[in-house]
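Enquirer: Pasting a structure here, questions to come.
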Amino acid sequence: MSSNPIDLKEFETPYPNAARIYDYTLGGTVNFEPDRMAAEAMFKLLPSTRKWVGMLRSFIQEAAKELQDEGFTQFLDLASGLPTQDHVHAVLPTARVVYNDIDPLTVSYGQKVLAGNPNVQYIAGDVRDLDAILNSTAVQELINLDEKVAIGFNGINVFLTPEEIQHIAQTLYDWSPPGSKIFLNYETKNPDKTTPEFEQFLGMFAATGSPMHLHSLEQNLAWMAPWQAEKVAPVAEFLGLPEGHMTDEDHEGLDLQFYAAIMKK
45 MSSNPIDLKE FETPYPNAAR IYDYTLGGTV NFEPDRMAAE AMFKLLPSTR
95 KWVGMLRSFI QEAAKELQDE GFTQFLDLAS GLPTQDHVHA VLPTARVVYN
145 DIDPLTVSYG QKVLAGNPNV QYIAGDVRDL DAILNSTAVQ ELINLDEKVA
195 IGFNGINVFL TPEEIQHIAQ TLYDWSPPGS KIFLNYETKN PDKTTPEFEQ
245 FLGMFAATGS PMHLHSLEQN LAWMAPWQAE KVAPVAEFLG LPEGHMTDED
295 HEGLDLQFYA AIMKK
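Just so we're aligned, residue 45 is where the sequence shown starts under our numbering, counting upward by one.
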C-alpha cells in the first residue's frame, strides 16, 4: 500500500458519491458532507441500512477467507467500491486481487491508496462491458487462468437487468478456469409489500439514473446459470450470528432480506 499521505480534497465533489456513501455507512473516513447527508437520509427511511451493510462487508471478508482456505490465491472483485474498511486485500494480504469500479473518482482513489502493492490493482470498467475488464492488462498480469479464480460480484445486481446478469454470468463462466467460484449477495423483499419510506428510498436511486430492482432469491440464482449454487443462506446465518440478531424491525415491514451465496463452476 502507498506510504504517501493522500489528500482527500482531491476526491471531494459537491454531490454524493455511491462509494463514499458506502464508506460512511461502514464507519469509514473517505467521505464528505454531501455523502454523509445522503447516507443519513437513507438511514431515516430504512434505519436497518447500516446494520445490513455492515453484515454484507463481513460476508465479503468471511467468504474471501473461506475461499482462501479452499486454496484460492487470486480474486477478481467487480463493482468494488472503495478499497477501504478491510476489503479483500486487507483480509488476505498474500492474495492477488484485481478490483474494479465504474466510477472514475473511486478508481483514482483506489489506485492511489493501493500504489506500491504488487499483488493488487484497481481498474476502471463497466460490468456490462465485461470483456474489456477481463482483457485488461491488470487482469492478464495478476490472474493466472491455469488456476481457479474467486470472483466477487456484490451489491451490483439490483442495478442490472435480468438479461445483463445472465450475460455477465455466462461470460464469467466461459472465462474462468474449472473449479472457480463466485461469492455474491442478493437483496430481496416480499413483492406484495411496500411502504412510503421504501418508495422514497427507491426514488433516491432512480433520481441518480441508477434505479434499483429487487427480485426473488430463486430468480437471482436462476439468472446466474450455469454457475451452480454451493452455499446459500440469509447473510446473518452465513456469518453465524445468533438467532434474533436481526429483529422484526430490521425487515422494515417488507420482509427485507439479504442472502449470501457462493456458486461454483
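We put the CB at the ideal spot given by N, CA and C, even for glycine.
If you compare alpha carbons, which of Ile65, Phe76 and Ala82 is closest to glycine 98?
Expert: The candidate whose alpha carbon is nearest that of glycine 98 is Ile65.
Enquirer: Just curious, the alpha helix (DSSP H) that alanine 17 is in, first and last residue?
Expert: Nothing in the structure corresponds to residue 17, since the chain is present only between 45 and 309.
Enquirer: With distance defined between alpha-carbon atoms, name the residue in Phe116, Asn61 and Glu84 nearest to glycine 196.
Expert: Here the closest residue by C-alpha is Phe116.
Enquirer: Drop a sphere of 10 angstroms on the beta-carbon of threonine 239, count the other beta-carbons inside from all chains shown, and report buried for 16 or more, exposed for fewer.
Expert: Under this definition threonine 239 is an exposed residue.
Enquirer: Which whole-angstrom value is the C-beta distance of leucine 122 and isoleucine 209, which I expect to be below 8 Å?
Expert: Wrong, their Cβ atoms sit about 12 Å apart, outside the cutoff.
Enquirer: With distances taken Cα to Cα, identify the nearest neighbour of leucine 126 among Phe103, Leu111, Ser152 and Asp113.
Expert: Comparing Cα-Cα distances from leucine 126 to each of Phe103, Leu111, Ser152 and Asp113, the minimum goes to Ser152.
Enquirer: Return the chain-ordered list of same chain residues with a C-beta closer than 7 Å to the C-beta of glutamine 272, the five sequence neighbours on each side being excluded.
Expert: Correct list, in chain order: Met307 and Lys308.
Enquirer: How many angstroms separate the CA atom of aspartate 236 from the CA atom of phenylalanine 242?
Expert: Near 13 Å, if we compare the C-alpha coordinates of phenylalanine 242 and aspartate 236.
Enquirer: Would you list the residues sitting across from asparagine 229 in a DSSP beta bridge?
Expert: Beta-bridge pairing links asparagine 229 to Ala304.
Enquirer: With a 10 Å radius around its C-beta and 16 neighbouring C-beta atoms as the bar for buried, classify aspartate 190 as buried or exposed.
Expert: By the neighbour-count rule (16 or more Cβ atoms within 10 Å), aspartate 190 is not buried but exposed.
Enquirer: According to DSSP, which residues form a beta bridge with lysine 199?
Expert: A small fix is needed here, since residue 199 is glycine in this sequence, not lysine. Answer is none; glycine 199 lacks a bridge partner.
Enquirer: For proline 137, does the count of other Cβ atoms within 10 angstroms reach 16, so buried, or fall short, so exposed?
Expert: With fewer than 16 Cβ atoms within 10 Å of its Cβ, proline 137 is classed as exposed.
Enquirer: Have a look at glutamate 207 and valine 193 and give me their C-alpha separation to the nearest angstrom.
Expert: When rounded, the distance between both Cα atoms is 24 Å.
Enquirer: So proline 278 is in the beta strand (DSSP E); what residue range does that whole segment cover?
Expert: Here the beta strand (DSSP E) through proline 278 covers 272-278.
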